[in-house]
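One structure is given here, and the rest of the page talks about it.
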Amino acid sequence: MSKKRYEDPKWVAGQVIGLDYNNCMSEFVGEQGLSAAELEDLAPGMAAVHQELAEARRRGDLAFMELPYQTAALANVRQVAKPLLEWCWEFVVLGIGGSALGARALHQALCHPQYNRFNMARRHHRPALWVLDNIDPDNFHGMLDGLELRRTAFNVISKSGSTAETLAQFVFTYQLLKGRLGEAKARERFVVTTDPEKGNLRRLAVQEGFPSLMVPPGVGGRFSVLSPVGLLPAAMVGIDLEELLAGARFMDERLKSPAYQDNPALCLAALYYLFARKSRNILVIMPYASALAGMADWFCQLWAESLGKRQDLQGREVWAGTTPVRAVGATDQHSQLQLYMEGPQDKLITFLEVEKFHNRLEIPDLFPEMEGLHYLGGHTLNGLLEAEQKATAFNLAKAGRPNLTLRLPEINAFTIGQLIYLLEVVTVAAAPLLGVNPLDQPGVEGGKQTTYGLMGRPGFEAQRREIEEGPPPLEKYRIF
Ligand code: PA5
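Position 478 of the sequence shown, counting from 1, maps to 477 under my numbering, and the rest follow consecutively.
Below you can see the structure in the form of structure tokens.
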């Protein structure tokens, strides 16, 4: 069997994600920056966090950290994907939040930007991928309307198996397909990804005989992208799963060091924490690559839902968390950047830089007589984008605006695997610093339960009464 490129140490050495945080330090951003002493003071704390995470992992409390090593899951994903690939032209994910964003991020990062528009031959006989993560009736109807249903497979993804949006999408599409194709054919068009034992979706998979994959126990939605939740959609569109997981394992090895100076997850968590303490409550993540916009969205959900917490582990009110915001360079230089440069001093900006794109596009010197255009001639779009990122980082620093850069040598499954794993560990490493549990989401659960009440689900009558018996809206605060 031929050697995979990620097994070649020389290739791997050129694929290591780097972290540059010079522009966080007072030498470069003045008094808004951190002093070397501030970081050093936190070093023992970060080593303790490292130890705490290692213990939690040993206890099995951080099950997502084992996902890159789950070869059985990979085999199951392939087994489910294989027969689908024989007939499926459209692969639709029905899921929301952590059950949707990872698949979309992988697709966007690792497939051609026009992937869905290509014909089957150009997609190497692979389906288009659609992630339907909303129940907006016009959007949902419109998306289904455009699909060749006979050739469409639906992957219903829900860890809990009880999320109203996903279950509603499922029953709607199942009914639609039964009506159009008949019961037997409709049944063949569904695959379920859910808890191995619990929940309605697991029951349905058994009852209706749908093929199914499992979200390992202890892996919550937002940490599940490297489980079948993200892997099945990725397999369907031809992403190299082994390389993706190899990238994550590579990062796992790198994160073994307890010294923040060598461990990018500890270092990032420390920076994010120290700046949050200085009231930088907004965490901007700004890839300079359109393909990474979905990764930024995925990270925003991961960060927000994991760390935005009312109570700490002792039950005290702490109102923890910083607000993640996604921007994309160079596009948002003409939108958000003005605010980042001159608005309130409440942001920390993380750039995602790509050193080498797959394409190198030269800018022709078409109008040499025009000074305002001539200077671009002979450069590349690559060089222009790089210059824009460099200029933005520099100018932000000059204006006393801290920023840092995560540098990907290129975008491929190996570097994306590293990035995913790194950002997941950064998130759980930030949690002990804030004193919160990164794995629950009581605020989201509250909203889910009130919705159940409003929709008449038995057992949630109290939630319905609470809203119905609350004070009615006052006319004086309405404008019609
Ligand atoms: O990250 C999370 O836990 C959430 O965003 C969930 O993924 C989301 O609420 C959907 O839940 P489920 O996968 O149970 O349908």
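Yeah, the Cβ is synthetic: ideal placement off N, Cα and C, and Gly gets one too.
How many Å lie between Gly455 and Trp318 at the Cα? Using only the alpha carbons, I get a separation of about 31 Å.
Taking the DSSP output, what are the residues bridged to Phe153? BP columns for Phe153 point to Val91, Phe189.
Any non-hydrogen atom of the ligand PA5 within 7 Å of Gly229 CB: Flag unset: Cβ of Gly229 not near the ligand PA5.
Where Glu30 and Leu38 are concerned, what is the direct C-alpha to C-alpha distance, given to the nearest angstrom? Spanning the two alpha carbons is a distance of roughly 15 Å.
Classify Leu143 as buried or exposed, calling it buried when 16 or more other Cβ atoms lie within 10 Å of its own Cβ. It is buried - the Cβ of Leu143 has at least 16 other Cβ atoms within 10 Å.
Taking DSSP as the reference, what is the three-state secondary structure of Ser211? Look at Ser211 here: in three-state DSSP terms it is strand.
Ile410 versus Lys355, Lys389, Leu203, residue with shortest Cα-Cα distance: The option with the nearest alpha carbon to Ile410 is Lys355.
Contact under 8 Å by Cβ, Leu505 with Thr391: Lying outside 0 to 479, the shown extent of the chain, residue 505 is not represented and no answer is given.
Considering only heavy atoms of the ligand PA5 and the C-beta of each residue, which residues fall inside 6 Å, strictly closer? Having a Cβ closer than 6 Å to some heavy atom of the ligand PA5 are Ile95, Gly96, Gly97, Ser98, Ser157, Lys158, Ser159, Thr162, Thr165, Gly219, Gly220, Arg221, Glu304, Gln440, Val443.
Residues in its own chain within less than 6 Å of Leu395 by CB, not counting five upstream and five downstream? Cβ neighbours of Leu395 beyond the five flanking positions: Asn402.
Going along the chain, which unbroken runs of the alpha helix (DSSP H) with 4 or more residues stay wholly within the segment 371–429? As far as the segment 371–429 is concerned, its whole alpha helix (DSSP H) runs of at least 4 residues are 380–397.
Nearest neighbour of Gly328, chosen from Thr450, Leu372, Val283 [CA to CA]: Among Thr450, Leu372, Val283, the Cα nearest to that of Gly328 is on Val283.
Relative to the C-alpha of Lys158, which residue among Leu180, Ala152, Pro195, Arg179 is closest? With distances taken between Cα atoms, Lys158 lies closest to Pro195.
So for Gln448, helix, strand or coil by DSSP? Reduced to three states, the DSSP call for Gln448 is helix.
In or out: Asp439 buried (at least 16 other Cβ within 10 Å) or exposed? Classification of Asp439: exposed, given that the 10 Å Cβ count is below 16.
The alpha helix (DSSP H) that contains Met285, what's its start and end? It is not in any alpha helix (DSSP H) - Met285 instead sits in the beta strand (DSSP E) that spans 281–286.
For the alpha helix (DSSP H) that Pro323 lies in, which residues bound it at each end? Note, Pro323: premise wrong, no alpha helix (DSSP H); beta strand (DSSP E) at 322–325.
Please report the distance separating the alpha-carbon of Gly101 from that of Leu230. Per the coordinates, the alpha-carbon of Gly101 lies some 9 Å from the alpha-carbon of Leu230.
Identity of the residue in Trp302, Pro216, Gly452 nearest Glu467 by Cα: Here the closest residue by C-alpha is Gly452.
Might you give, ordered along the chain, the residues of its own chain that have their beta carbon closer than 6 Å to the beta carbon of Ala398, omitting 5 neighbours on each side? Excluding five sequence positions before and after Ala398, the CB atoms of its chain that fall closer than 6 Å to its own CB belong to Met340, given in chain order.
Considering only the alpha carbon of each residue, which of Gly246, Thr151, Tyr114, Pro363 lies closest to Pro8? Ranking the options by Cα distance to Pro8, first place goes to Gly246.
Report yes or no: do the segment 86–98 and the segment 248–268 share at least 3 C-beta pairs separated by less than 8 Å? Fewer than three pairs of CB atoms, one per stretch, sit closer than 8 Å, so the segment 86–98 makes no contact with the segment 248–268.
Does the pairing of the segment 62–75 with the segment 224–240 give three or more beta-carbon distances under 8 Å? Contact between the segment 62–75 and the segment 224–240 is present: three or more C-beta pairs spanning the two stretches fall below 8 Å.
Measure the alpha-carbon distance for Gly13 versus Leu418 and round it to whole angstroms. Taking the Cα positions, Gly13 is about 15 Å away from Leu418.
With three or more beta-carbon pairs closer than 8 Å as the criterion, would you say the segment 112–130 touches the segment 232–243? The segment 112–130, when compared against the segment 232–243, does touch it at the 8 Å Cβ threshold.
Decide if Arg400 is buried, meaning its Cβ has at least 16 other Cβ atoms within 10 Å, or exposed. Classification for Arg400: buried.
Return the first residue and the last residue of the beta strand (DSSP E) that Leu131 is part of. First-last of the beta strand (DSSP E) with Leu131: 127–131.
Alpha carbon to alpha carbon, what distance is there between Pro408 and Asp331? Annotation: Asp331 to Pro408 spans about 22 Å, alpha carbon to alpha carbon.
Cβ-Cβ separation, Lys346 to Arg406 (assumed contact under 8 Å), whole Å: Not confirmed; about 20 Å, so no contact.
Using 10 angstroms around the beta-carbon of Lys308, count the other beta-carbons present and answer buried if the total reaches 16, otherwise exposed. Around the beta-carbon of Lys308, 16 or more other beta-carbon atoms lie within 10 Å, marking it buried.
Look at the alpha carbon of Val425 and the alpha carbon of Ser211, and state the distance between them as a whole number of angstroms. The straight-line gap from Cα to Cα measures roughly 31 Å.
Nearest neighbour of Pro343, chosen from Phe350, Thr379, Lys277, Ala292 [CA to CA]: Of Phe350, Thr379, Lys277, Ala292, the smallest CA-CA separation from Pro343 is found for Lys277.
Exposure of Val205, with buried meaning 16 or more beta-carbon neighbours within 10 Å: Residue burial is scored here from C-beta neighbours: Val205 has fewer than 16 other C-beta atoms within 10 angstroms and is therefore classed as exposed.
Considering only the beta carbon of each residue, do Pro263 and Leu166 sit closer than 8 Å? Against a cut-off of 8 Å, the Cβ pair of Leu166 and Pro263 comes out as no contact.
Compare the beta carbon distance of Phe209 and Arg186 with 8 Å and say whether it is the shorter of the two. Yes, the pair counts as a contact, with Cβ atoms nearer than the cut-off.
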